[in-house]
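J.: Pasting in a structure now, in structure tokens, and then I'll have a few things to ask.
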Amino acid sequence: MSGTTHFRPPAGYVGDVIPFEKDGTVWLYYLLDTRDPRRPVDRDGGMPWAAVTTRDFATFTDRGVVLPTGGPTAEDFDCYTGSVVTDDDGLLHLFYTGHNPRIRTADGDAQVVCHATSTGDPAAWVRHPEWTFGALDGYAPEDWRDPFVFRTAPGEPWQMLLAARRRDAPYRRSGLVARLVSDDLVHWRDAEPLWDPRRFIAQECPDVFRWGDHWYLVYSEFSDSFQTRYRIADSPDGPWRAPERDTVDGRAFYASKTVELDGERHFIGWIASKEGASDSGAWQWAGTMAVLRASQEPDGSLSFGLPHAVTALYDSVHDVRGELTALDDADATPGRGALDRYAAWVGPEIPAEVLLIAEFDIAPGTQSCGLLLRSSDDGERAYALRLEPQRDRLVVDRWPRGTTGGEQWQIRGDVPHDVELERPVPLAPGRHTLEVHLDGDLCVAVVDGRVALSTRVYDLTEGRVGVFATDGEFELVGLEARTRS
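Number 35 in full-length UniProt numbering belongs to position 35 of the sequence shown; there are no gaps in the numbering.
Shown next, in the form of structure tokens:
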């Protein structure tokens, strides 16, 4: 069993996750990235699929590699993203992307759709190379990946969605969700694309599901920003409309796909690591597995929060409101007396793994308020989760932010927060709840059970919890630090 609610293999990182539910157990297949420095062409082993299983998204059992690389000369030297389905006879079908950097077209590396089957064991697969196929006419052969297979109802033809590109379109606007159809899961024919937005290079990791009267298309894109997004439709054929808040999380949470378990829909992706395990490092591909629980709003839009089984683990409650100390002659009452200043109140040390739950009653006109995480005694060094009612957003900030030189004016004041880590969220005056799950160098924040923002917190490994306000006031209705008993 994994000892953390966020899984990472002992000798690698979690890439794209492919969920599959069978008999109440969810198999979370993932691309195992060992970050071999010899990659891509000077190594013996490609990228395999590994897996963990779970029944609650809080505890995980490591199943190891379940689909190894096809070998140095095979089309599936690298086994990339796909999907798993069960046919009417109970046979399991695993579709995946095959890639080999040694096999090239005139435009670059080719990608192909590969196929394996299992008679029932989700960890034992037989390859069928005779069923492999590449891009159809009109599509770019180097972007033909992430096959997602489903059908709209029992007895209907199977559909396969692919992250693809048109060959005859401008590169940045060539991405589309291609669609093939099949009657037997082996022979596939071209069909009308599911979605052709003429907006991105590619819509990676497509996923479609139905929830009540609505259909949802989930995809990840890296053209405008690295984020997982979704669209809503009244039909599985679209048209696909964007909700007011069409992102699942922020920059750090990527390549999310979905699965239903016990009547609830969960989004599973990875929180990216950073170069050098440093807050200032560049984001990397792959990282640590992360799960968000979705809920459906009356208009069909989705909200995101922590899985119920995760929050239930933290059953030892510590009320820290009475332990907050005012800094810099701030008012003794947390949240008060900051109408024309910044004020902060710092409390006890918090463990590396903790669930913080803060409830703020924000006064009208308040510029910002929020939580300090892993703060120094004087509040000068800390991470800050800042609620900004005037902009209706949550941002991640940290101090020190860094410098561009040795002079005082070269402090990075031109970067008011981590610009890739901001989320729109309604923040009308009144009560708002901020949940923060800290798990080592991972941080997942949720506002009002609706809006999630995940990130890494490498540089500050310990410190205190606190609250702050800028040019405004709030009443601190509650502040709890919950740990496992």
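Cβ coordinates follow ideal geometry from the N, Cα and C atoms, glycine included.
1. Looking at Ala-452: is its Cβ nearer than 8 angstroms to the Cβ of Gly-300?
2. Quick one: what does DSSP say Arg-104 is sitting in, helix, strand or coil?
3. Closest to Asp-33 by CA distance: which of Gly-24, Leu-434, Gly-478, Trp-49 is it?
4. What separation, rounded to the nearest whole angstrom, lies between the Cα atoms of Trp-240 and Arg-55?
5. Would you verify that the beta carbon of Leu-292 is, or is not, closer than 8 angstroms to some beta carbon of chain B?
6. Going by DSSP in three states, Gln-111 sits in which element: helix, strand or coil?
7. Does DSSP put Glu-192 in a helix, in a strand, or in coil?
8. Kindly list the residues whose CB is nearer than 7 angstroms to the CB of Glu-473, restricted to its own chain and excluding five residues on each side of it in sequence; keep chain order.
9. Check the C-beta distance from Ala-7 over to Met-289 and give it rounded, since I have them as a contact under 8 angstroms.
10. With a threshold of 16 other CB atoms inside 10 Å of the CB of Pro-351, please say whether the residue is buried or exposed.
11. If you measure between the beta carbons of Ile-232 and Tyr-216, is that distance less than 8 angstroms?
12. Does DSSP classify Arg-450 as helix, strand or coil?
13. Can you round the beta-carbon distance between Ser-223 and Arg-179 to whole angstroms, since I take them to be within the 8 angstroms contact cut?
14. Skipping 5 residues on each side, what residues in its chain have a beta carbon closer than 7 angstroms to that of Pro-68?
15. Report yes or no: do three or more beta-carbon pairs, one from the segment 401-408 and one from the segment 376-389, lie closer than 8 angstroms?
16. Around the C-beta of Val-415, are 16 or more other C-beta atoms found within 10 angstroms, so that it is buried, or is it exposed?
17. Which residue comes first and which comes last in the alpha helix (DSSP H) that contains Leu-313?
18. Hey, how far is the Cα of Leu-356 from the Cα of Phe-60?
19. Rounded to whole angstroms, what is the Cα-Cα separation between Arg-321 and Ala-153?
20. Go ahead and pull the three-state DSSP assignment for Gln-227.
21. Under DSSP, the beta strand (DSSP E) around Ala-255 begins and ends at which residues?
22. Quick one, are the C-beta atoms of Val-177 and Gln-203 less than 8 angstroms apart?
23. Just the C-alpha distance for Val-85 and Leu-92, rounded to the nearest angstrom, thanks.
24. Roughly how many whole angstroms lie between the Cα atoms of Trp-270 and Asp-249?
25. May I ask you to list the residues that DSSP assigns as paired with Arg-55?
26. State buried or exposed for Leu-66, treating a residue as buried only when at least 16 other CB atoms are found within 10 Å of its CB.
27. Name the two residues that bound the continuous beta strand (DSSP E) containing Tyr-30.
28. What whole-angstrom Cβ distance do Ser-368 and Thr-455 have, given they're in contact under 8 angstroms?
29. For Cys-205, which beta-bridge partners are listed by DSSP?
30. Would Val-447 pass as a contact of Asp-418 if the rule is Cβ separation under 8 angstroms?
31. Thinking C-alpha only, which one of Phe-150, Glu-221, Val-113 is nearest Glu-142?
T.: Taking the geometry as given:
1. As a working mapping, residue 452 is identified with position 452 in the sequence shown. As a working mapping, residue 300 is identified with position 300 in the sequence shown. It is not a contact, given that the beta carbons lie outside the stated cut-off.
2. Reading the sequence shown from its first residue, position 104 is the one you call residue 104. In the structure shown, Arg-104 sits in a strand (DSSP, three-state: E or B).
3. Against the sequence shown, residue 33 aligns to sequence position 33. When each option's Cα is compared against that of Asp-33, the closest is Trp-49.
4. For this step, residue 240 is matched to residue 240 along the sequence shown. For this step, residue 55 is matched to residue 55 along the sequence shown. Their Cα atoms are separated by approximately 32 angstroms.
5. Note that chain B does not occur in the displayed structure, where there is just one protein chain.
6. Translated into positions along the sequence shown, residue 111 becomes position 111. In the structure shown, Gln-111 sits in a strand (DSSP, three-state: E or B).
7. For the purposes of this step, residue 192 is identified with residue 192 of the sequence shown, where counting begins at 1. Three-state DSSP puts Glu-192 in a strand.
8. The residue given as residue 473 occupies position 473 in the sequence shown. The answer, listed in chain order, is Gly-335, Arg-336, Ala-338, Leu-339, Ala-363, Thr-366.
9. Numbered from its first residue, the sequence shown carries residue 7 at position 7. Numbered from its first residue, the sequence shown carries residue 289 at position 289. What sits at residue 7 in the sequence shown is Phe, not Ala. At roughly 4 angstroms, the Cβ-Cβ gap stays under 8 angstroms, so Phe-7 and Met-289 are in contact.
10. Against the sequence shown, residue 351 aligns to sequence position 351. Per the 10 Å Cβ criterion, exposed.
11. By one-based count along the sequence shown, residue 232 stands at place 232. By one-based count along the sequence shown, residue 216 stands at place 216. Against a cut-off of 8 angstroms, the Cβ pair of Tyr-216 and Ile-232 comes out as a contact.
12. In the sequence shown, counting from the first residue as 1, residue 450 sits at position 450. Here Arg-450 sits in coil by DSSP.
13. In the sequence shown, residue 223 corresponds to position 223, counting from 1. In the sequence shown, residue 179 corresponds to position 179, counting from 1. Wrong, their Cβ atoms sit about 21 angstroms apart, outside the cutoff.
14. Taking the first residue of the sequence shown as 1, we reach residue 68 at position 68. The residues are Pro-48.
15. no
16. The count along the sequence shown starts at 1 and reaches residue 415 at position 415. That one is exposed.
17. Counting from one through the sequence shown, the residue named residue 313 turns up at place 313. Looking at the DSSP string, the run of the alpha helix (DSSP H) that includes Leu-313 is 308-313.
18. Looking up residue 356 in the sequence shown gives position 356. Looking up residue 60 in the sequence shown gives position 60. Going by the C-alpha atoms only, they are around 23 angstroms apart.
19. By one-based count along the sequence shown, residue 321 stands at place 321. By one-based count along the sequence shown, residue 153 stands at place 153. If you take the alpha carbons of Arg-321 and Ala-153, they lie about 53 angstroms apart.
20. In the sequence shown, counting from the first residue as 1, residue 227 sits at position 227. Correct three-state label for Gln-227: strand.
21. Sequence index remark: in the sequence shown, residue 255 carries index 255 (1-based). Run containing Ala-255: 253-261, per the beta strand (DSSP E) assignment.
22. For the purposes of this step, residue 177 is identified with residue 177 of the sequence shown, where counting begins at 1. For the purposes of this step, residue 203 is identified with residue 203 of the sequence shown, where counting begins at 1. Contact flag set, yes.
23. Looking up residue 85 in the sequence shown gives position 85. Looking up residue 92 in the sequence shown gives position 92. Cα to Cα, the separation comes out at about 6 angstroms.
24. Residue 270 sits at position 270 when you count from the first residue of the sequence shown. Residue 249 sits at position 249 when you count from the first residue of the sequence shown. Distance between the alpha carbons of Trp-270 and Asp-249 is about 11 angstroms.
25. Translated into positions along the sequence shown, residue 55 becomes position 55. In the DSSP output, where bridge partners are listed per residue, Arg-55 has none listed.
26. What you label residue 66 is simply residue 66 of the sequence shown in a count that begins at 1. Position check: residue 66 holds Val in this sequence, whereas Leu was assumed. By the neighbour-count rule (16 or more Cβ atoms within 10 Å), Val-66 is buried.
27. What you label residue 30 is simply residue 30 of the sequence shown in a count that begins at 1. Residues 25-33.
28. Locating residue 368 in the sequence shown gives position 368, counting from the first residue. Locating residue 455 in the sequence shown gives position 455, counting from the first residue. Wrong, their Cβ atoms sit about 18 angstroms apart, outside the cutoff.
29. Numbered from its first residue, the sequence shown carries residue 205 at position 205. Looking at the DSSP assignment, Cys-205 forms no beta bridge with any residue, so it has no partner.
30. In the sequence shown, counting from the first residue as 1, residue 447 sits at position 447. In the sequence shown, counting from the first residue as 1, residue 418 sits at position 418. Cβ distance not < 8 angstroms, so Val-447 and Asp-418 don't count as in contact.
31. Taking the first residue of the sequence shown as 1, we reach residue 142 at position 142. Residue Val-113 is the option with its Cα nearest to Glu-142.
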